[in-house]
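This report refers to the structure that appears directly beneath it.
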Amino acid sequence: MSDTPRFVQFVVRRPILRTAIILAIFAVLAIFHLEVNLSRLGDAASNLVVIAGEAWPPDFSILTKRASWAYPPCELQTDWMCSPAVLGMTQTLEIAFLATIFGMAISLPLAVAAATNLSPPLLAQVVRQVLAALRVLPSLIWALIFVILVGIGPLAGVLAMTMYTVGYLGKLQYEALEGVSREPLEVARAMGLPRWQVARFFAIPEAANSLISQMLFMFEYNVRHGSVVGLVGAGGIGWYMQYYLEPFKLYDRVLALIIVMYLVVIVIDQISLRVRSQFIEEHEQIRRPKWRGAFVPWAESSDD
Amino acid sequence: MSLEPILSIRSAEIGFKDLSPLLEGVNLEIRPGEIVGIIGRSGIGKTTLIRTVAGLVRPLSGEVLFSGADLSHSTRGSIGLIPQRLGLVQHQTVGYNVLMGALPNSNWFQSVFSLPSVEMREATRKAVSAVGLEDKTLTSVNLLSGGQQRRVAIARAMVQNPRLLLADECLGELDAETALEIIGLLRTIANEQRTAILIVDHNPVRARTFCDRVLQLRSRKIIPLSEGEQEEASSLPQYRGDE
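Top line first, the protein sequences correspond to chains A and B. Sequential numbering of the first sequence, starting at 14, is according to my numbering. Sequential numbering of the second sequence, starting at 47, is according to my numbering.
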């Protein structure tokens with residue numbers, strides 16, 4: 014080491030600095046490989062000024078004026094109920110709700126099959142690979158696929174979000190099921206119960222708090238991503254944004270839609286957070302999990 | 047008492063694959079209505095023995111026969127287990143946990159739609175009353191004391207009405223009075239349902255007072271409790287329960 018330059022010795026002895034230098038080299042190589050032109054950032058700033066000028070003030074007529082071009086058509090008499098914001102947000106919530114319900118119904122049996130403490134190892138591995146394959150594609154790509162398969166509209170959105178929900182929720186669920194205490198399952202096995210009864214009456218109730226919490230989290234996630242899938246024609250508020258963006262470039266209406274979506278998402282997140290907090294184990298007096306409590310929180314009664 | 051043993055273990059090696067066996071040359075027979083105690087220091091293989099008899103661990107060699115047949119044959123509902131930490135479904139009610147004992151007797155329709163029969167509900171109600179928890183039927187088990195949770199596990203075994211009940215340290219660190227109550231309930235199961243009970247207890251004195259036979263695990267063998275140890279145990283009447 015005596016012949017090695019002092020700078021090299023200095024770097025070699027410091028693992029964090031060493032790692033940082035290696036990462037920096039890879040980052041510079043990636044920038045050159047992608048031919049990233051940093052001078053374009055200057056164009057972006059000037060474009061942003063133009064768009065901001067056109068978007069401000071936001072045009073909240075999207076909350077009052079009837080969208081005669083809505084798809085599916087709105088038959089209601091009241092104009093605001095057929096406005097782009099109300100129709101778009103309602104569709105987004107409906108897509109998220111249906112995708113969560115259908116996703117949950119499909120993912121729970123798959124999660125049981127994927128849990129190594131409930132299923133034979135070979136079956137568990139096969140189902141895990143299926144769930145991983147569903148997660149490979151983001152919901153936007155699933156939406157593109159279903160728009161091609163079933164045409165534009167909310168059906169494509171529901172199917173796309175359901176596929177992603179199954180993959181994502183299934184993974185969370187099998188991890189929760191694998192984390193349950195071993196002893197109740199052994200009691201069931203000693204009784205000679207078949208695997209499905211072990212899962213149905215012992216494992217799922219034992220993991221119910223986690224499962225309910227995950228389902229609510231998934232609904233939140235689907236509301237946020239339900240707006241994205243609309244950009245490729247799969248229904249929801251994203252579809253109305255896309256309508257204003259291309260070809261009309263009505264940025265003031267797009268900004269108003271974004272504000273409406275932001276407010277709705279915040280309200281949904283807060284409600285979901287409050288409901289989920291009842292199912293997260295922070296103290297011994299945690300409530301007994303009831304599935305109806307996830308939908309109607311005020312119907313929950315104390316166990317005492 | 048029937049002469050036919052419920053459980054027969056013959057020349058069995060008990061332990062885990064790829065590891066040296068915990069117990070060798072195990073020979074044991076248990077008959078209906080008999081309570082057999084197993085004692086031994088921690089880590090010697092008491093729980094593994096119970097799990098082997100429950101069919102959860104395969105013996106490395108030898109035979110474990112239930113009513114003369116290998117454990118690989120269906121024993122649906124015939125073997126009950128009360129593990130060390132009781133194996134109750136947390137955050138579910140006392141009623142739910144006790145009713146689980148009736149699952150082996152339910153048909154497909156009742157299981158799928160969670161529709162227990164009138165007989166199952168009645169058996170659950172009786173078992174909950176027998177263990178003195180009728181006012182706690184709708185209470186979550188995680189809100190109960192350790193002694194009450196043990197009673198729930200025993201009520202579940204009463205509803206199941208197994209031919210062989212395996213209890214792993216189910217008396218735990220209970221105070222003498224509560225332990226007496228639990229022992230009384232186990233005696234009731236053995237006497238009234240003619241259930242054979244194999245119970246692991248870390249307390250040899252207590253085990254000798256309520257078990258028909260006490261065996262100890264020592265040096266990888268299962269051997270009867272020595273004379274001196276038995277006499278010492280029988281001089282202590284406080285754990286006799288309702289014998």
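Glycine is no exception: its CB is placed at the ideal position from the N, C-alpha and C atoms.
- Nearest neighbour of Leu76 of chain A by Cα position, chosen from A:Gly101, A:Gly66 and A:Pro85, turns out to be A:Gly101.
- Taken in chain order, the members of the stretch 196-207 of chain A whose beta-carbon sits within less than 7 angstroms of a beta-carbon on chain B are Glu196, Pro197, Glu199, Val200, Arg202, Ala203, Met204, Gly205 and Leu206.
- For Ile279 of chain A, the closest C-alpha among the options A:Arg237, A:Lys262, A:Arg266 and A:Gln90 is that of A:Arg237.
- For His137 of chain B, same chain residues with a beta-carbon under 7 angstroms away, outside a window of 5 residues either side, are Ser186 and Asn188 in chain order.
- Taking CB atoms only, Pro218 of chain A has a neighbour in chain B less than 8 angstroms away.
- A residue is called buried once 16 or more other Cβ atoms fall within 10 Å of its Cβ, and Tyr275 of chain A, having fewer, is exposed.
- Assignment of beta-bridge partners to Val72 of chain B by DSSP yields B:Ala58.
- Residues of the stretch 218-247 of chain A that bring their beta carbon within less than 8 angstroms of a beta carbon in chain B comprise Pro218, Glu219, Ala221 and Asn222, in sequence order.
- When DSSP states are grouped into helix, strand and coil, Leu211 of chain B belongs to the strand group.
- By the neighbour-count definition (other C-beta atoms within 10 Å, threshold 16), Ser152 of chain B is a buried residue.
- In terms of beta-carbon proximity, Ala100 of chain B lines the interface with chain A, with at least one pair separated by less than 8 angstroms.
- With respect to the 8 angstroms criterion, Glu59 of chain B and Gly91 of chain B are not classified as neighbours on the basis of their beta carbons.
- Across the structure, Lys184 of chain A and Thr139 of chain B are spaced so that their CA atoms are roughly 28 angstroms apart.
- Around the beta carbon of Arg97 of chain B, 16 or more other beta carbons lie within 10 angstroms, which makes this residue buried.
- A straight-line Cα-Cα distance of about 6 angstroms links Glu70 of chain B and Arg266 of chain B.
- Under the three-state reduction of DSSP output, Leu184 of chain B falls in the coil class, being neither helix nor strand.
- Separation of the CB atoms of Arg196 of chain B and Ile228 of chain B is rounded to 6 angstroms, and the pair is thereby assigned contact status at 8 angstroms.
- Secondary structure note for Leu263 of chain B: it is in no alpha helix (DSSP H), and the uninterrupted beta strand (DSSP E) holding it is Arg259 to Arg264.
- By the C-beta density criterion, Asp56 of chain A is exposed, having fewer than 16 other C-beta atoms within 10 angstroms.
- Judged by DSSP in its simplified three-state form, Leu53 of chain B adopts strand.
- Counting only Cβ-Cβ distances below 7 angstroms, Pro150 of chain B has contacts in chain A at Met204, Gly205 and Leu206, in chain order.
- Here the alpha carbons of Val140 of chain A and Pro133 of chain A stand approximately 11 angstroms from one another.
- Judged by DSSP in its simplified three-state form, Asp116 of chain B adopts strand.
- Using beta-carbon distances, Gln210 of chain A counts as an interface residue toward chain B, with a partner under 8 angstroms.
- Contact between the stretch 243-261 of chain A and the stretch 78-98 of chain A is established, with three or more Cβ pairs separated by less than 8 angstroms.
- Under a criterion of Cβ atoms nearer than 7 angstroms, the residues of chain B adjacent to Phe214 of chain A are, in order, Met146 and Leu149.
- Of all residues in the stretch 105-138 of chain B, only Ser120, Thr121, Arg122, Gly123, Ser124, Ile125, Gly126, Leu127, Ile128, Pro129, Gln130, Arg131, Leu132, Gly133, Leu134, Val135, Gln136, His137 and Gln138 place a beta-carbon less than 9 angstroms from a beta-carbon of chain A.
- Taking a contact to require three or more Cβ pairs closer than 8 angstroms, the stretch 119-131 of chain A and the stretch 175-193 of chain A qualify as touching.
- Not a single C-beta of chain A is nearer than 8 angstroms to the C-beta of Gln156 of chain B.
- For a Cβ distance threshold of 9 angstroms, residue set Met204 of chain A lies close to Gln206 of chain B, ordered along the chain.
- Beta-carbon to beta-carbon, Ile250 of chain A and Leu229 of chain A are separated by about 21 angstroms, too far to satisfy the 8 angstroms threshold.
- Annotation for Ile81 of chain B: Ala236, Ile243, Cys257 and Asp258 place their beta carbon closer than 6 angstroms to its own, counting only its chain and skipping 5 residues before and after.
- For Leu162 of chain A, the enclosing alpha helix (DSSP H) stretches over residues Ser152 to Val163.
- As DSSP reads the structure, Gly83 of chain B sits in a beta bridge with B:Ile245 and B:Val260.
- Burial is judged here by how many other beta carbons sit within 10 angstroms of a residue's own beta carbon; Pro218 of chain A has at least 16 and is buried.
- The DSSP-derived three-state label of Pro207 of chain A is coil.
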